[in-house]
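Undergrad: Take this structure, written in structure tokens, and hold onto it; I'll ask about it next.
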Amino acid sequence: MSEVKTITGEFTGSYAINPLTGKEIPIWIAEYVLKDYGTGAIMAVPSDDERDNKFATHFGLEIIPVVDKSDYPDADMKDKVGKMINSGFITGMEVKEAIEAVIQKLEEDGLGSRQVNYRLRDANFSRQRYWGEPFPIRFDENDVPHPVDFSELPVELPPLDNFKPTADGKAPLGRLEDWVQSTKGRREIDTMPGFAGSSWYFLRYMDPHNDKEPFSKEAVDYWQSVDLYIGGAEHVVGHLLYSRTWHKFFYDLGLVPTEEPFKKLINQGMIGGRSNFVYRANEKFAEHYLEEKLKSVSHAFEKNKIIGEGENAFEVDFACDECKVAIELKAIHRLERYDDKHHEQFEKMGYTFVPIATEEVFSHYHDFTPITDKIKRAFENKERVVPNANVKETALFVSQDMIEDRSMVTKLHVDVNIVHNDIMDVDAFEKSRTDFRRAVYVLNTEGQYKCSHAFEKMSKSKFNVVNPDDMVDLYGADCFRMYEMFLGPIEQGKPWNTEGINGVQGFLKKFYSLFYNENGWCVTDEKATPEELKTVHSCIKYVNNNIERFSFNTCVSEFMKCTNELRKMKCHKKEVLQDLVVLLAPFAPHLSEELWHELGNTDSVNKTSYPNHNEEYLKESAITYPISINGKKRATFDFPVDASKEDIEKQALKLEIIQKWTEGKTVRKVIVVPKRMVNIVVG
RNA sequence: GCCCGGAUGGUGGAAUUGGUAGACACGCAGGACUUAAAAUCCUGUGGCCGUUGAGGCCGUGUGGGUUCAAGUCCCACUCCGGGUACCA
Numbered sequence: 015m016s017e018v019k020t021i022t023g024e025f026t027g028s029y030a031i032n033p034l035t036g037k038e039i040p041i042w043i044a045e046y047v048l049k050d051y052g053t054g055a056i057m058a059v060p061s062d063d064e065r066d067n068k069f070a071t072h073f074g075l076e077i078i079p080v081v082d083k084s085d086y087p088d089a090d091m092k093d094k095v096g097k098m099i100n101s102g103f104i105t106g107m108e109v110k111e112a113i114e115a116v117i118q119k120l121e122e123d124g125l126g127s128r129q130v131n132y133r134l135r136d137a138n139f140s141r142q143r144y145w146g147e148p149f150p151i152r153f154d155e156n157d158v159p160h161p162v163d164f165s166e167l168p169v170e171l172p173p174l175d176n177f178k179p180t181a182d183g184k185a186p187l188g189r190l191e192d193w194v195q196s197t198k199g200r201r202e203i204d205t206m207p208g209f210a211g212s213s214w215y216f217l218r219y220m221d222p223h224n225d226k227e228p229f230s231k232e233a234v235d236y237w238q239s240v241d242l243y244i245g246g247a248e249h250v251v252g253h254l255l256y257s258r259t260w261h262k263f264f265y266d267l268g269l270v271p272t273e274e275p276f277k278k279l280i281n282q283g284m285i286g287g288r289s290n291f292v293y294r295a296n297e298k299f300a301e302h303y304l305e306e307k308l309k310s311v312s313h314a315f316e317k318n319k320i321i322g323e324g325e326n327a328f329e330v331d332f333a334c335d336e337c338k339v340a341i342e343l344k345a346i347h348r349l350e351r352y353d354d355k356h357h358e359q360f361e362k363m364g365y366t367f368v369p370i371a372t373e374e375v376f377s378h379y380h381d382f383t384p385i386t387d388k389i390k391r392a393f394e395n396k397e398r399v400v401p402n403a404n405v406k407e408t409a410l411f412v413s414q415d416m417i418e419d420r421s422m423v424t425k426l427h428v429d430v431n432i433v434h435n436d437i438m439d440v441d442a443f444e445k446s447r448t449d450f451r452r453a454v455y456v457l458n459t460e461g462q463y464k465c466s467h468a469f470e471k472m473s474k475s476k477f478n479v480v481n482p483d484d485m486v487d488l489y490g491a492d493c494f495r496m497y498e499m500f501l502g503p504i505e506q507g508k509p510w511n512t513e514g515i516n517g518v519q520g521f522l523k524k525f526y527s528l529f530y531n532e533n534g535w536c537v538t539d540e541k542a543t544p545e546e547l548k549t550v551h552s553c554i555k556y557v558n559n560n561i562e563r564f565s566f567n568t569c570v571s572e573f574m575k576c577t578n579e580l581r582k583m584k585c586h587k588k589e590v591l592q593d594l595v596v597l598l599a600p601f602a603p604h605l606s607e608e609l610w611h612e613l614g615n616t617d618s619v620n621k622t623s624y625p626n627h628n629e630e631y632l633k634e635s636a637i638t639y640p641i642s643i644n645g646k647k648r649a650t651f652d653f654p655v656d657a658s659k660e661d662i663e664k665q666a667l668k669l670e671i672i673q674k675w676t677e678g679k680t681v682r683k684v685i686v687v688p689k690r691m692v693n694i695v696v697g
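Numbering of the first sequence is given in this note's numbering, commencing with residue 15 and proceeding in unit increments.
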């Protein structure tokens, strides 16, 4: 609604009067008012609103600059900062002050009164269903709503057997006449939406055993705001919005110490589906294919040929003047209307009429002789041929890498559960889709049917739904959890691809194999080597840092790297592995808990403290420097950690490979960034 | 329109302040083990040219720019995703 490319509007002929200045302001109708809200007047501020500004410019309306933002160079048009100008008694005030001053003035002059409006995003706060908190509201004999008495709170949902709407279309609670019609009036029977009641639960979590009130002041003063709230899209638009509304309301009432309920909010990306597609040949495909095949019958066939003359002229799909054959290509159900009369019409003009069904073309794709034979019979024997009724419901599917022209195929969703690595199980496809039971395939050179793919929201209609419960059954909760983390950054939407879960499963197996070999438990009390300690402590460092950044996918990678290295070292030492088990606990809680106990601990792994790395173990003796010529890496070389810039420069220039590049050229500059890189500029 | 985010191999993604692009996985190819399969292990894997154990060129959506050095910073653009208010 608000998308306006061409600005349109109309002056109404009326004026509003500015109550403070008495000045007349023209009232215009503009079309950029949102449909859903556009029932009242909008105050336009052309100097400080993009759309208003364009509107005013377009119609040559007066634009009075009212805010000087020169003190705020970073502010844009909409920001409410700066000093008022050209604004009568508020000129010179900061915007915030000015708003306050205007409200006061209007109140003093009796022109209006201050009011705070709380708004909910969705005006339809109530729902006509059973599940949801009942409104504590009754209506009196005049249908005026009143809140129920405090002593009657909370109003609980009464038990109900039938959750369908009433016969006259009212909410399910309307079925309970006794409950609805109390002595104090008729109860509201709509209920609140789900997120209404759940929008303050985190406050209850701060004081879960309180049986006197929802939460105590002491508890919320102690816990303050929630440190981190992670939720999906539906949370952000619904529940979190109400949470903030409720919370601000509570704050105004002095019930909570913070204005905002959450210190940090992460909107996790949606795990979407990875859809697969098959390509069904369409009529154009059949036409094109038939045209090619007709060449083997006669080169004299012409496409879209008009035969006959004047009023009796016909256009047919293909006709051959030499062999006197006219061909119509259509879907089989559309050929049924061609009766004997139709044949006779063609015969009068000296042609034999050959109806061919697109399904026949598809059906005989791999061996076209039955069709060409039929055409030959038509011109040799003048035989009246009919389409083969057995080909009904035949569809031709073309492997994605065999498509020559996208306009000749129709893209259709296919069940992802019968596609592996984009190769479709053709037998399973036929079994799953009764509508395509008579299917013919154009396979690729490897004899496979290859599908295309796309990232889409999971949906039954897109056949791309993967059930998390099935995944947990197959791979276990730890594996499922870790794979979700591994897929990508938490805030980004990403496609679920079941093929990839093998990687995480493999990791968990490898990790387990550090503790168990074919003979059982194999953890030893040997002393760890510096190498082993370095491996595990660099992992501890990395994971701690990346948890702080909410970069869980890279943490999983780091665990994989660490495990691969320890396996190469054949490390089964408790000193090394114990820390790693604790480090892994938030990622694979079940496995960690089990191994933690196997390591001889009696309490939960979650009750021990998270490991910190020891910088001592991470010390390097040498650093590998990339050595570039004009910014392009040409070599790498290990220099001692404490090598001076001068030494590095001198040695780098001496390297054989570098000499090759500097030969015959002038070294203009050498840049050495300690512990990073070397760049040699030649010219 | 405006605001915010994004675009990196066949795929998901990594690169924390500009400093070895492609970590870690998936997939694929080849090999080991096996009667066979599964599982497991090893090797290779951005593209192109060259090849003997050499090496070279190109490469992070497009076009410019800054810099010794750009996925990263600046300008312009294309495409994709999300948001877009009776505030004033």
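Where is the CB? At the ideal position from N, CA and C, for every residue including glycine.
For Met583 and Ser289, I'd like the C-alpha separation in whole angstroms.
TA: Numbered from 1 along the first sequence, position 569 holds the residue referred to as residue 583. Numbered from 1 along the first sequence, position 275 holds the residue referred to as residue 289. Cα to Cα, the separation comes out at about 41 Å.
Undergrad: Would you list the one or two residues that DSSP bridges to Gly534?
TA: Position 520 of the first sequence, counted from the start, is the residue given in the question as residue 534. BP columns for Gly534 point to Asn531.
Undergrad: How long is the line joining the alpha carbons of Val695 and Asp656, rounded to whole angstroms?
TA: Position 681 of the first sequence holds residue 695. Position 642 of the first sequence holds residue 656. If I take the Cα positions, the gap works out to 24 Å.
Undergrad: Could you please give the first and the last residue of the uninterrupted alpha helix (DSSP H) stretch that includes Arg648?
TA: Here residue 648 corresponds to residue number 634 of the first sequence, with the count starting at 1. Per DSSP, Arg648 lies in no alpha helix (DSSP H); the unbroken beta strand (DSSP E) holding it starts and ends at Lys646 to Pro654.
Undergrad: I'd like to confirm the pairing. Which residues does DSSP put opposite Lys344 in its beta bridges?
TA: Here residue 344 corresponds to residue number 330 of the first sequence, with the count starting at 1. Answer by DSSP bridge pairing, in chain order: Ala371.
Undergrad: Measuring straight from C-alpha to C-alpha, what distance separates Phe653 and Asn281?
TA: For this step, residue 653 is matched to residue 639 along the first sequence. For this step, residue 281 is matched to residue 267 along the first sequence. Roughly 45 Å separates the two Cα atoms.
Undergrad: How would you call Pro482, buried or exposed, if buried means at least 16 neighbouring beta carbons within 10 angstroms?
TA: As a working note, residue 482 is residue 468 in the first sequence. So Pro482 ends up on the exposed side.
Undergrad: Alpha carbons only, please: which of Lys464, Gly507 and Thr512 is nearest the one belonging to Asp484?
TA: Your numbering for residue 484 matches position 470 in the first sequence. It is Thr512 whose Cα lies nearest to the Cα of Asp484.
Undergrad: What do you get for Gly9, buried or exposed, if any count of 16 or more other CB atoms within 10 angstroms of its CB means buried?
TA: Nothing in the structure corresponds to residue 9, since the chain is present only between 15 and 697.
Undergrad: Opposite Leu279 in the DSSP bridges: which residues?
TA: Here residue 279 corresponds to residue number 265 of the first sequence, with the count starting at 1. According to DSSP, which records beta bridges pairwise, Leu279 is partnered with Tyr243.
Undergrad: On the criterion of 16 or more Cβ atoms from any shown chain inside 10 Å, does Cys536 qualify as buried, or is it exposed?
TA: Stepping through the first sequence from its first residue, residue 536 is reached at position 522. Per the 10 Å Cβ criterion, exposed.
Undergrad: With DSSP run on the structure shown, which of helix, strand or coil describes Asp82?
TA: Position 68 of the first sequence, counting from 1, holds the residue named residue 82. The answer is strand: DSSP assigns Asp82 an E or B state.
Undergrad: Among residues of its own chain, excluding the 5 on either side of Thr26, which ones have a beta-carbon nearer than 7 Å to its beta-carbon?
TA: By 1-based counting over the first sequence, the position of residue 26 is 12. The residues are Ile41, Trp42 and Ile43.
Undergrad: Between Asn431 and the ligand SAH, is there a pair consisting of the residue's CB and a ligand heavy atom that are separated by less than 6 Å?
TA: This structure lacks the ligand SAH, and indeed carries no ligand of any kind.
Undergrad: Which whole-angstrom value describes the C-beta separation of Pro503 and Ser565, a residue pair presumed to lie in contact below a C-beta threshold of 8 Å?
TA: Within the first sequence, numbered from 1, the residue matching residue 503 stands at position 489. Within the first sequence, numbered from 1, the residue matching residue 565 stands at position 551. The pair is a contact, with the Cβ atoms about 7 Å apart (cut-off 8 Å).
Undergrad: How about Lys587 and Ala542: do their beta carbons lie closer than 7 Å?
TA: One-based indexing of the first sequence puts residue 587 at position 573. One-based indexing of the first sequence puts residue 542 at position 528. Cβ atoms of Lys587 and Ala542: closer than 7 Å.
Undergrad: Pop quiz: Asn637 and Lys689 are said to be a contact at Cβ under 8 Å. What is the actual Cβ separation, rounded to whole angstroms?
TA: Numbered from its first residue, the first sequence carries residue 637 at position 623. Numbered from its first residue, the first sequence carries residue 689 at position 675. In the sequence as presented, Asn is not what sits at residue 637; that position holds Ile. That pair is a contact at about 6 Å.
Undergrad: Is Thr568 helix, strand or coil when you go by DSSP?
TA: The sequence position of residue 568 within the first sequence is 554, counting from 1. For Thr568, the secondary structure class from DSSP, reduced to helix, strand or coil, is helix.
Undergrad: List the residues that DSSP assigns as beta-bridge partners of His160.
TA: As a first step, residue 160 is located in the first sequence; it is residue number 146 there, counting from the start. According to DSSP, which records beta bridges pairwise, His160 is partnered with Arg152.
Undergrad: Whole angstroms are fine: how far does the CA of Lys659 sit from the CA of Val681?
TA: The residue you call residue 681 lines up with position 667 of the first sequence. The residue you call residue 659 lines up with position 645 of the first sequence. Approximately 16 Å between the Cα atoms of the pair.
Undergrad: Tell me whether the beta-carbon of His357 lies closer than 7 Å to the beta-carbon of Phe367.
TA: Here residue 357 corresponds to residue number 343 of the first sequence, with the count starting at 1. Here residue 367 corresponds to residue number 353 of the first sequence, with the count starting at 1. Yes; because the gap between Cβ atoms is below 7 Å, this pair is in contact.
Undergrad: Under three-state DSSP, which class holds Asn318?
TA: In the first sequence, the residue the question calls residue 318 occupies position 304. Of the three classes helix, strand and coil, the one that applies to Asn318 here is strand, per DSSP.
Undergrad: Excluding the 5 residues preceding and the 5 following Phe153 in the sequence, name in chain order all residues of the same chain whose CB lies nearer than 6 Å to its CB.
TA: On the first sequence, position 139 is the one that residue 153 refers to. These residues qualify, in order along the chain: Pro159, Gly199 and Arg200.
Undergrad: What residues match up with Arg201 in a beta bridge as DSSP calls it?
TA: Within the first sequence, residue 201 is the residue found at index 187, counting from 1. According to DSSP, Arg201 bridges with Arg152.
Undergrad: Would you kindly work out how many angstroms separate the C-alpha atoms of Asn458 and Glu498, rounded to a whole number?
TA: Residue 458 sits at position 444 when you count from the first residue of the first sequence. Residue 498 sits at position 484 when you count from the first residue of the first sequence. Between Asn458 and Glu498, the C-alpha separation is close to 33 Å.
Undergrad: So, with DSSP's three-state summary, where would you put Thr676?
TA: Counting from one through the first sequence, the residue named residue 676 turns up at place 662. Here Thr676 sits in helix by DSSP.
Undergrad: In the DSSP assignment, find the beta strand (DSSP E) that holds Asn290 and state where it starts and stops.
TA: Numbered from 1 along the first sequence, position 276 holds the residue referred to as residue 290. Where Asn290 is concerned, the enclosing beta strand (DSSP E) stretches over Ile285 to Ala295.
Undergrad: What residue from Ile685, Ile99 and Phe529 has the CA that sits closest to Asp539's CA?
TA: Position 525 of the first sequence holds residue 539. When each option's Cα is compared against that of Asp539, the closest is Phe529.
Undergrad: Excluding the 5 residues flanking Asn32 on each side, which residues of the same chain have their C-beta closer than 7 Å to its C-beta?
TA: Taking the first sequence and counting its residues from 1, the one referred to as residue 32 is at position 18. Excluding residues within five positions, the ones whose Cβ falls inside 7 Å are Ile39.
Undergrad: Quick check on this structure: which residue in Glu108, Ile370, Asp617 and Glu114 has the alpha carbon closest to the alpha carbon of Pro401?
TA: The residue you call residue 401 lines up with position 387 of the first sequence. Per the Cα distances, Ile370.
Undergrad: Taking its Cβ as the centre, do 16 or more other Cβ atoms sit within 10 Å of Asp705, making it buried, or is it exposed?
TA: This structure cannot speak to residue 705, because the chain is shown only from 15 to 697.
Undergrad: Mark Pro168 as exposed unless 16 or more other C-beta atoms lie within 10 angstroms of its C-beta, in which case mark it buried.
TA: Mapped onto the first sequence, residue 168 falls at position 154. By the neighbour-count rule (16 or more Cβ atoms within 10 Å), Pro168 is not buried but exposed.
Undergrad: Report the option in Glu460, Lys406 and Ala599 whose CA atom is closest to the CA atom of Asp492.
TA: Your numbering for residue 492 matches position 478 in the first sequence. Looking at the Cα atoms, Ala599 is the closest of the given residues.
Undergrad: Does DSSP classify Gly188 as helix, strand or coil?
TA: Taking the first sequence and counting its residues from 1, the one referred to as residue 188 is at position 174. Three-state result, Gly188: helix.
Undergrad: In or out: Trp610 buried (at least 16 other Cβ within 10 Å) or exposed?
TA: Within the first sequence, residue 610 is the residue found at index 596, counting from 1. That one is buried.
Undergrad: Keeping to the same chain, check which residues put their C-beta closer than 7 Å to that of Arg218; ignore five residues upstream and five downstream.
TA: Sequence index remark: in the first sequence, residue 218 carries index 204 (1-based). Within the same chain, Arg218 has close Cβ partners Pro228 and Phe229.
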